[in-house]
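Student: The opening position of the sequence shown corresponds to residue 1 in full-length UniProt numbering, with each subsequent residue numbered one higher.
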Amino acid sequence: MSFSMRWKLYLSFACIILLLLVTVIVSNMMTQRITQLTSHIMLAQERLENAQMLNLFARMANDDGAHYLLAPDHLKDNFKSRYQADTESVKKMVQHMKILTKGEASDNIQQFEAHWNTYQQNAEDIMSLREAGNLTIAQERFTRRSFDPVAFSLLSFVKEEEAKVQQYKEQIANTSQTSLMVNIVMAAAATLLSLAIAFLLSNYLIRRIRLLKESAITVAQGDLSVEELHFKGKDELTDLAAAFNTMTQSLRSVISSAGDVSMQVAASSAQLQSSAEQTSTATEHIAVIMQDITAGTEKQANHIDNDMQVINQLSNNVQQISANNQTVLNTVHTTSTTAAQGKLDLVNAIQQVRVIEESNSKLDRIVAGLNNQAIQIGQAIQLIMQITKQTELLALNASIEAARAGEQGKGFAVVAGEVRKLAEQSKDSANQIASLINGIQSEAGIAKEEMTHGTMEVQKGIQLIEVAGHSFEGIMQLIQQVEQDIEGVTHSTTYIKEDTEKMVVTMDQISGIARENASSTHSIAASTEEQLASMEEISASSAALASLAEELSDLIGKFKLAKEENGQ
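1) What does DSSP give as the partner residue(s) for Asp77 in the beta ladder?
2) Exposed or buried, Phe199, counting other C-beta atoms within 10 Å across all chains shown (16 or more means buried)?
3) Taking only runs of the beta strand (DSSP E) that begin and end inside the UniProt domain "HAMP" (203-256), which ones reach a length of at least 3 residues, in chain order?
4) By the 10 Å Cβ neighbour count, where 16 or more other Cβ atoms means buried, how is Gln351 classified, buried or exposed?
5) Taking just the CA atoms, how far does Asp260 sit from Asn348?
6) Would you mind reading off the limits of the alpha helix (DSSP H) that contains Glu140?
7) For Val288, count neighbouring C-beta atoms within 10 Å of its own C-beta (all shown protein chains included) and say buried if the count is 16 or more, exposed if not.
8) Going by Cα to Cα distance, which pick from Leu346, Ile206, Met476 is closest to Thr331?
9) Please name the residue in Ala380, Gln95, Gln36 whose C-alpha comes closest to that of Gln112.
10) Which stretch, first to last residue, makes up the alpha helix (DSSP H) that contains Phe152?
11) How many angstroms separate the CA atom of Ala430 from the CA atom of Ala423?
12) Report all residues from its chain with a CB closer than 6 Å to the CB of Val26; omit the five preceding and five following residues, and keep chain order.
13) Taking the C-alpha atoms as reference points, what is the distance between Asp223 and Asn245?
14) Would you identify the three-state DSSP class for Lys102, choosing helix, strand or coil?
15) Report back the beta-carbon spacing between Glu401 and Gly409 to the nearest angstrom; my notes put them in contact at under 8 Å.
16) Which of the three DSSP states, helix, strand or coil, is assigned to Ala132?
17) To the nearest angstrom, how far is the alpha carbon of Gln84 from that of Glu124?
18) Go through its chain and collect everything with a Cβ distance to Gln509's Cβ below 8 Å, but skip five positions before and after it.
19) Taking Val458 and Glu357 to be in contact with their CB atoms under 8 Å, please state how far apart those CB atoms are, rounded to whole angstroms.
20) Would you report the Cα separation of Leu532 and Gln463, rounded to the nearest angstrom?
21) What does the alpha-carbon distance come out to for the pair Ser12 and Ser194?
22) Could you check whether Glu466 and Ser280 sit closer than 8 Å to each other, using their CB atoms as the reference points?
23) On a Cα-Cα basis, can you pick out the residue from Thr238, Leu344, Ser269, Thr248 that is closest to Gln221?
24) On a CA-only basis, which of Glu516, Val185, Lys460, Leu346 is nearest Gln278? Give me that one, please.
25) Please report the distance separating the alpha-carbon of Val90 from that of Glu49.
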């Protein structure tokens, strides 16, 4: 059967208390025995004193009787009165001794009484002779009479009582010695039992606490592979060990989950950084292409102006123009493909920014909910403050009524004062809470404004990216138009000699389109530069996230979750 630590301590102290109780009971029994023997000694001493007094009164009666016979006539009555008083005292002492004595001692008293009665009868007869005038006969009979039977009748009684007193004293000494030995033995047993219990309990507690301490130090050093503690019994230390095992398992689970999450974050941040770098590279490439297109378009416009001036030389250079047109056509095809890829990248960027916008919107709603809750709490505080004001008014009215009541209202006045103090304390606490709620509302308002500003900035970014997308669409349309125009130029070169005027008109159209292309490519170049800057910021953020994930992984790596096997 297992006990808790409390019951183990209770049982240990109960054993010690039981042993001490036995010691007290034995000591009490010995004390009662000594008290009983002491009472016997006092009774025996009282009987001895009474026997001595009885013997003394008997001797005094004998002496007074002798003095009565020898005294002159004017003194005999005095001695007779003294004799009668002594005999009366002897009679009372005999009755008292009968009460104090029992058994054989009572026989001794009866024997004394018998001798005394005989002596008293003879003494009265002798006194009667004196009173009758026969003094000589009375004196002769008195001298022949012996007082020894009365005097020695109590000798055996006195010796018996003295022997009893001595016996009682020896029993008291033996009982005292026995009580002392019992107390010493019981005290030694209680001491040994206490030491044994203290030794066993201390070893039991120290051994288990040491195991708990070693395991706790191991866990504190980051080694979560510590073996589980299994204690026998159902006491508090067993429960503590089970709780420690549960805590260690929970820590293992938390650290393991944190490690997995950190790895996922690191992988996601690496993937995000890679995507951002690829997007940056593509955007940079698009910017270079846009610059090339801008330069080419400007050059094309210049060439067209020159061609307008040297229209007569165009026929001679038709073949060269045709070849150049083919090169430009290939470049336009490449530009169209790159622009399509750039548009796709812009669509992906818009999706990512919309995810950010949705997160900001959710956070904005959370902050708004927090602000609403703070407002509700503020309303509750206002209600509490109104209640405290009403309570103060009620307490004031109660104090006034108590003052009117006089002595009978003093107790009620004290209660009203305490109620007013509680109301004031409630008011102060409500003011403090209201101040805190106002601070929370202020901070929540600032957070809401910041979230609103962030959402607006994200929306602006989306609009800019959408503008860039529309620009890319315009570029693609213009590139298609350029392709068509170049094809037209290519076809027109075969008829340049026959239709020079149409060529001039066509060249004017090409010049206008080229200028529009130059303006559009400038806008696209600016948009691509902004997109490139955004991609660089995303790349930097993903790099910082990867660094944080690596730091988290390093921290988690300091924990040892399981025992290493085969040197691994």
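Ideal placement from N, C-alpha and C gives every residue a C-beta, glycine not left out.
Tutor: With the given structure in hand:
1) Answer is none; Asp77 lacks a bridge partner.
2) exposed
3) none
4) exposed
5) 28 Å
6) 135-144
7) Residue environment for Val288: exposed (fewer than 16 other C-beta atoms within 10 angstroms of its C-beta).
8) Met476
9) Note on residue identity: the sequence assigns Phe, not Gln, to residue 112. Comparing Cα positions, the closest option is Gln95.
10) 148-152
11) Near 10 Å, if we compare the C-alpha coordinates of Ala423 and Ala430.
12) Val182
13) 13 Å
14) Reduced to three states, the DSSP call for Lys102 is coil.
15) 7 Å
16) Assigned with DSSP and collapsed to three states, Ala132 falls in coil, not helix or strand.
17) 10 Å
18) Asp485, listed in sequence order.
19) 4 Å
20) 16 Å
21) 8 Å
22) Contact: no.
23) When only C-alpha atoms are compared, the closest one is Thr248.
24) Just measuring C-alpha positions, the residue of Glu516, Val185, Lys460, Leu346 sitting nearest Gln278 is Leu346.
25) Spanning the two alpha carbons is a distance of roughly 14 Å.
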